[in-house]
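Structure first, commentary second.
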Amino acid sequence: MLKSKKILIAVLVAVVAIVATIFTFFQKNLGGDSGGAVAYVDTISNIMGSTGGGNDRYSGVVEAQQSVKVNKNQEKKIEQVFVSVGDQVIP
Numbered sequence: 014m015l016k017s018k019k020i021l022i023a024v025l026v027a028v029v030a031i032v033a034t035i036f037t038f039f040q041k042n043l044g045g046d047s048g049g050a051v052a053y054v055d056t057i058s059n060i061m062g063s064t065g066g067g068n069d070r071y072s073g074v075v076e077a078q079q080s081v082k083v084n085k086n087q088e089k090k091i092e093q094v095f096v097s098v099g100d101q102v103i104p
């Protein structure tokens, strides 16, 4: 009887350890922990200013943060180009 109790206790401890490990894994890897970062949510009308006048917080010129030169492989052919120099972004 004493031997079966020891085995039962060992199995229960192992099961609890496995469940705790699985719970910790899912909490860390599936977005359960925000890492202390706070996400603020606001409506577009509130961000842009619902008064309709004057506060252009998000106006201005958009500039590239980084430029990358891409070289074409001479053995391949470009079939179609979707943009050209000077194309404008339409919101």
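In terms of our numbering, the sequence shown opens at residue 14 and continues consecutively.
Where a beta carbon is used, it is the ideal one built from N, C-alpha and C, also for glycine.
Being a predicted model, the structure only gives us computed values, none of them experimental.
Open item on the list: Are the CB atoms of ILE91 and LYS82 within a distance shorter than 9 Å?
Closed with: Taking the sequence shown and counting its residues from 1, the one referred to as residue 82 is at position 69. Taking the sequence shown and counting its residues from 1, the one referred to as residue 91 is at position 78. In this structure, ILE91 does not lie closer than 9 Å to LYS82 by Cβ.
Open item on the list: Suppose you measure from the CA of ASN42 to the CA of SER97; what does that come to, to the nearest Å?
Closed with: On the sequence shown, position 29 is the one that residue 42 refers to. On the sequence shown, position 84 is the one that residue 97 refers to. Roughly 42 Å separates the two Cα atoms.
- [ ] In the DSSP assignment, find the alpha helix (DSSP H) that holds VAL28 and state where it starts and stops.
- [x] Mapped onto the sequence shown, residue 28 falls at position 15. In this chain, the alpha helix (DSSP H) harbouring VAL28 covers 15-42.
- [ ] Return the CA-CA distance between ILE60 and VAL102, expressed in angstroms with no decimal places.
- [x] As a first step, residue 60 is located in the sequence shown; it is residue number 47 there, counting from the start. As a first step, residue 102 is located in the sequence shown; it is residue number 89 there, counting from the start. Between ILE60 and VAL102, the C-alpha separation is close to 21 Å.
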